[in-house]
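Enquirer: Following this message is one structure expressed as C-alpha cells.
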Amino acid sequence: MLKQIWTAISLAGLVFGADILQLSYSDDKKEAIPLGTFEIDSTPEGKLTVKTVDLQKVETSGQYCLNAEIEGKLDMPCFSNMKLGMPLRYDLIVDVDDNNEINQLSLSYNEKNDAIVGVVRYPETGPSAPVAKLKKKTKTYADKKASKNKDGSTAQFEEDDEEVKEVSWFQKNWKMMVLGLLIYNFVVGSMKKKQQAPASGQKTE
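Mapped onto the working numbering, the consecutive letters of the sequence shown carry residue numbers 3 to 207.
Written out as C-alpha cells, the structure is:
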C-alpha cells in the first residue's frame with residue numbers, strides 16, 4: 003500500500019515538473035520503511051526549493067540506514083547511518099553543486115523543528131590567501147655578521163646560511179706573497195747566473 007502511495011506521488015511530481023525525493027530508513031534485516039516524501043522544484047531565478055509533501059508516523063527509535071531516491075535521477079542507499087529519535091526534529095540538508103544538481107544529502111537534528119524540514123545548501127567560495135611576491139635580498143658582509151647568533155651559528159630561515167669568519171691579512175693575501183716570492187727568486191737567480199758567466203770565461207783564458 004505504501005509503495006502505491008509513493009508511486010502516485012511520483013507521478014504527480016512528473017505532471018507538475020518537480021522531482022519527488024523519497025526518504026526511507028532501514029536496518030540490515032528489514033525492508034526500507036518510508037519516512038517522508040519531498041518535492042524538489044526550481045524557482046524562476048534558478049534556485050532549488052524543497053517542500054515537504056508527506057511524513058510517515060513512525061514510533062521507532064534506534065540506529066538505522068537512511069535511504070534517498072529520485073526515480074530515474076538519484077539513488078542513494080544508506081547515505082547516512084544514524085540514530086533516529088522521536089519525535090522527528092531534523093533538517094534534511096540537500097547539497098547542490100554549481101549546476102543545481104544534488105551531490106549530497108544529510109539529516110541533522112534541529113530542536114526548533116517539529117518535523118523533517120528540507121533545506122537547500124549551495125557551495126560557497128572559501129577565503130583565499132593574498133599572493134605576495136617574494137623579494138630576493140642580497141646580504142652584505144655587515145648583514146651576515148649582524149645575523150650571526152652568539153653561539154656562532156647563523157639565524158634560522160636566513161637566505162644565506164654561510165658562516166661569517168674573521169680573516170687575517172695574511173690569509174687574504176697569501177697568494178700574492180707566494181707569487182712575489184717566486185718572482186724574487188727567479189730574478190735573483192738570473193742575476194747570479196749573469197755574474198757567474200764572465201768569471202768562468204776569465205778562467206778559460
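All C-beta atoms, glycine included, are put in the ideal place defined by N, C-alpha and C.
Would you list the residues sitting across from Gly64 in a DSSP beta bridge?
Expert: Its beta-bridge partners are Leu86.
Enquirer: Let me confirm a value: Thr39 is counted as buried when at least 16 other C-beta atoms fall within 10 Å, else exposed. Which label applies?
Expert: Buried: at least 16 other Cβ atoms inside 10 Å.
Enquirer: Helix, strand or coil, according to DSSP, for Leu184 in the structure here?
Expert: The answer is helix: DSSP assigns Leu184 an H, G or I state.
Enquirer: Given Leu50, which residues of its chain have a CB within under 8 Å of its CB, disregarding the five upstream and five downstream residues?
Expert: Contacts found: Ile42, Asp43, Ser44, Val96, Val98, Asn102, Val122.
Enquirer: Determine, using beta carbons only, whether Val119 and Leu94 come nearer to each other than 9 Å.
Expert: Yes, the Cβ-Cβ distance between Val119 and Leu94 is below 9 Å.
Enquirer: Taking the alpha carbon of Leu90 as the reference point, which residue from Thr127, Tyr111, Tyr124, Gly191 has its own alpha carbon closest?
Expert: Ranking Thr127, Tyr111, Tyr124, Gly191 by Cα distance to Leu90 puts Tyr111 first.
Enquirer: Compute the beta-carbon to beta-carbon distance between Asp21 and Lys75, rounded to the nearest angstrom, for a pair I have assumed lies under 8 Å.
Expert: Contact flag correct, Cβ pair sits at about 6 Å.
Enquirer: Taking its Cβ as the centre, do 16 or more other Cβ atoms sit within 10 Å of Leu25, making it buried, or is it exposed?
Expert: The residue in question, Leu25, is buried, as its Cβ has 16 or more Cβ neighbours within 10 Å.
Enquirer: On a CA-only basis, which of Met178, Asn187, Glu113, Asp100 is nearest Thr127? Give me that one, please.
Expert: When each option's Cα is compared against that of Thr127, the closest is Asp100.
Enquirer: What residues match up with Pro36 in a beta bridge as DSSP calls it?
Expert: DSSP output for Pro36 lists Ser26 as bridge partner(s).
Enquirer: Who are the Cβ neighbours of Gln158 in its own chain at under 6 Å, not counting the five residues just before and after it?
Expert: Summary for Gln158: the model assigns pLDDT 49, below 50, so the residue's position carries little reliability, and this model does not support an answer.
Enquirer: Which stretch, first to last residue, makes up the beta strand (DSSP E) that contains Lys53?
Expert: Per DSSP, Lys53 belongs to the beta strand (DSSP E) from 50 to 57.
Enquirer: Determine the burial state of Tyr186: buried for a count of at least 16 other Cβ atoms within 10 Å of its Cβ, exposed for fewer.
Expert: So Tyr186 ends up on the exposed side.
Enquirer: What did DSSP end up calling Gly175 once you bin it into helix, strand or coil?
Expert: Here the sequence assigns Asn to residue 175, which means Gly is not the residue at that position. Note: Asn175 maps to helix in three-state DSSP.
Enquirer: Which same chain residues, not among the five before or five after Lys53, have their C-beta less than 6 Å away from its C-beta?
Expert: Excluding residues within five positions, the ones whose Cβ falls inside 6 Å are Glu41.
Enquirer: I need the DSSP call for Val121, collapsed to helix, strand or coil.
Expert: Val121: strand per DSSP, three-state reduction.
Enquirer: Throw me the rounded Cβ distance for the Glu70 and Leu23 pair, which I believe falls under 8 Å.
Expert: At residue 70 the sequence reads Ala, which differs from the Glu that was named. Rounded, the Cβ-Cβ distance is 6 Å, consistent with contact.
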